[in-house]
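Enquirer: Under this note's numbering, the first residue of the sequence shown is numbered 72, with each subsequent residue one higher.
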Amino acid sequence: MANRPLVFGILNVTPDSFSDGGLWQTPDAAANHARAMVAAGADVIDVGGESTRPGAVRLDDGEERRRVEPVIRALVADGISVSLDTMRSETARVGLDVGVDYINDVSGGLADPDMAGVVAGSDATYIAMHWRGESDVMDGNAVYGDVTREVLAELRARVDALLDAGIAPGQLWVDPGLGFAKTPDHNWQILRDLNQFVALGHPVLLGASRKRFLAPFGERPADRDEATATISVLAAEVGVAAVRVHDVKRTVDALRVRGAWNGGAL
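1) What residue from LEU265, LYS282 and ALA228 has the CA that sits closest to PRO274's CA?
2) Is SER154 helix, strand or coil by DSSP?
3) Runs of 3 residues minimum, wholly inside the segment 179-267: which ones carry the beta strand (DSSP E) assignment?
4) Around the Cβ of ALA148, are there at least 16 other Cβ atoms within 10 angstroms (buried) or fewer (exposed)?
5) Quick check: the Cα distance between ILE261 and THR219, rounded to an integer number of angstroms?
6) Measure the alpha-carbon distance for GLU205 versus ARG327 and round it to whole angstroms.
7) What does the alpha-carbon distance come out to for the pair ALA307 and THR299?
8) For the alpha helix (DSSP H) that contains LEU146, what are its first and last residues?
9) Work out the CA separation of ASP256 and GLU221 for me, nearest whole Å.
10) Ordered along the chain, which non-local residues of its own chain (more than five positions away) have a Cβ less than 7 angstroms from that of ALA182?
11) May I have the straight-line CA-CA distance separating GLU161 from PRO141, to the nearest angstrom?
12) Would you identify the three-state DSSP class for ARG338, choosing helix, strand or coil?
13) Strictly by DSSP, which residues pair up with ASN175?
14) Just to confirm my understanding: we take MET72, look at its own chain, exclude 5 residues before and 5 after, and list those with CB closer than 6 angstroms. What are they?
15) By how many angstroms is the C-alpha of ILE151 removed from the C-alpha of GLY166?
16) Quick one, are the C-beta atoms of SER44 and PRO76 less than 9 angstroms apart?
17) So VAL230 packs on LEU249, CB below 8 angstroms; how close in whole Å?
18) Do ASP185 and SER154 have their C-beta atoms within less than 9 angstroms of each other?
19) Measuring alpha carbon to alpha carbon, tell me which residue in THR254, THR85, ALA102 and ASP217 is nearest GLU134.
20) Note down the Cα distance separating ARG329 from ASP131, rounded to an integer number of angstroms.
21) Alpha carbon to alpha carbon, how far is VAL311 from VAL115?
22) Looking at the structure shown, is MET72 part of a helix, part of a strand, or coil, going by DSSP?
23) When DSSP labels each residue in this structure, what does ASN103 get in the three-state scheme?
24) Give the secondary structure of VAL323 by DSSP, where H, G and I count as helix, E and B as strand, and everything else as coil.
25) Quick one: residues in its chain with C-beta nearer than 7 angstroms to the C-beta of VAL323, no 5 flanking neighbours on either side, listed in chain order?
26) Taking Cβ to Cβ, would you say PHE268 is nearer than 9 angstroms to LEU337?
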């Protein structure tokens with residue numbers, strides 16, 4: 072669909088993700104769910120093998136690869152565009168060898184100093200998120216004087232470091248990291264200032280889906296999909312490149328309404 076953000080459908084092949092942990096643990100179940108999201112309008116499937124929910128403890132490298140490799144192989148074989156959500160260069164290397172289109176690194180290269188070099192030698196897009204530490208410590212790092220100014224400054228520093236490490240400017244996207252070392256108030260402020268992140272000059276991926284700051288709209292994570300879809304439309308208005316969501320159909324339908332409102336075809 073023209074003139075709308077790409078929709079990344081979230082596929083967590085984990086037992087412990089905050090919203091859908093354990094639902095898609097077998098490769099067949101995961102691949103079938105991915106195909107259903109594509110049928111619902113997803114442009115890209117974002118596959119993650121390690122939970123980054125608040126409080127999560129790091130997984131060992133081999134287990135992450137064991138979880139994701141059969142799934143990404145099946146999806147790439149189906150011709151589905153795949154994003155691999157990983158902080159590890161060796162997992163990224165496997166994904167790039169298989170043929171994924173995106174490496175989505177929530178640490179922005181800080182968790183693994185070899186990540187930038189691995190991605191720089193590929194044609195894949197690298198998505199660098201704002202990050203202030205691993206999931207078991209990040210809530211304690213949610214301290215800012217001016218959250219927008221500081222997150223922008225830290226993202227600019229990562230962009231500079233990644234470009235210096237060999238990633239091409241056209242290869243790099245950014246993500247402000249909603250929910251990562253940020254309180255609900257911080258998240259809302261970043262959303263209000265989202266145009267400033269778009270103005271950085273690199274495509275922006277936004278991941279608001281079902282996160283804790285949306286709890287006023289639904290006690291259970293799955294009850295927050297309408298709020299997520301609304302954020303997707305508002306983010307489209309300021310020019311984000313992509314939104315990352317659990318419920319693809321609600322967001323795609325909301326973006327279709329926006330498109331029709333603006334004179335496009337359904």
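All residues carry an ideal CB built from backbone N, CA and C; glycine is no exception.
Expert: Let me spell this out:
1) LEU265
2) Under the three-state reduction of DSSP output, SER154 falls in the strand class.
3) Those beta strand (DSSP E) runs which fall completely within the segment 179-267 and span 3+ residues are 196-200 and 243-246.
4) Under this definition ALA148 is an exposed residue.
5) ILE261 and THR219: Cα-Cα distance of roughly 6 angstroms.
6) 36 angstroms
7) 12 angstroms
8) 132-148
9) 15 angstroms
10) MET158
11) 16 angstroms
12) Summary: the structure shown does not reach residue 338, with the chain confined to residues 72 through 337, and so no result is reported for it.
13) ASP156 and ILE198
14) Because the pLDDT at MET72 is just 43, under 50, the model does not fix this residue reliably, and the value given afterwards should be weighed accordingly. For MET72, where only same-chain residues beyond five positions count, there are no Cβ hits under 6 angstroms.
15) Within the model, the alpha-carbon separation for GLY166 versus ILE151 is close to 13 angstroms.
16) No answer is possible for residue 44: it lies beyond the span of the chain, which begins at 72 and ends at 337.
17) No, VAL230 and LEU249 are not in contact; Cβ-Cβ is about 18 angstroms, not under 8 angstroms.
18) no
19) THR85
20) Going by the C-alpha atoms only, they are around 43 angstroms apart.
21) Each residue's Cα considered, the two are about 15 angstroms apart.
22) Note that MET72 has pLDDT 43, beneath the 50 cutoff, so the model's placement of it is unreliable and no number is given.
23) The DSSP-derived three-state label of ASN103 is helix.
24) helix
25) VAL78, ALA111 and GLY112
26) no
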